[in-house]
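Colleague: Supplied in structure tokens, the structure appears directly below.
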Amino acid sequence: MVHWNHEQWGRKSGRTLQNSADWFRQIMRNPSEDCMVMISGDKVIGMASLVDHDLESRQDLRHWLASVYVVPEQRGNGVAGGLVAAVEREAALRGIPLLHLYTENADALYEKLGWSVSEHFMLDEDRFTLMIKDPAD
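Numbered per UniProt numbering, the sequence shown finishes at 137, counting up by one with no gaps.
Here it is in structure tokens:
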């Protein structure tokens, strides 16, 4: 999972593999954060995280769906939707009133899952979409 996170997001943002490993260790130590995995047979096929903060420039926003990743051969099979739903259920159980996420190119997926666009912003010359959802909905 650390490798997935690093290859998908860490390398582009200048983080080392060790930085990505440290990020996961922090999630495991923090009782308000969690990482969900989906397993098929004996293989992990996807992950999604619930974290306090995921965007350095938006420390004013708390509770994020982060690091949604599905192995390429399982994409299009509902794995991402299942992982997102698991994080939403956990957030609802914790009484979290609003979840946030940001994405560069998966807005359509999240809109299908009931997320709403909050704003668009630029980060390192790339355009991103900030999305929100009440996890109890």
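By construction, the Cβ of each residue, glycine as well, lies at the ideal position given by its N, Cα and C atoms.
Evaluate residue 120 with the Cβ neighbour count: other Cβ atoms within 10 Å of its Cβ, from every protein chain shown; 16 or more gives buried, anything less gives exposed.
Modeller: Residue 120 is exposed by the Cβ-count criterion.
Colleague: From residue 25 to residue 128, what distance separates their C-alpha atoms?
Modeller: Those two C-alpha atoms are separated by around 26 Å.
Colleague: Go ahead and pull the three-state DSSP assignment for residue 33.
Modeller: coil
Colleague: Short of 7 Å in beta carbon distance, which residues of its chain neighbour residue 130, apart from the five on each side in sequence? Order them along the chain.
Modeller: Non-local C-beta neighbours of residue 130 in its own chain, meaning closer than 7 Å and more than five positions away in sequence, comprise 100, 102, 118, 119 and 121, ordered along the chain.
Colleague: Over what stretch of residues does the beta strand (DSSP E) that includes residue 51 continue unbroken?
Modeller: 43-51
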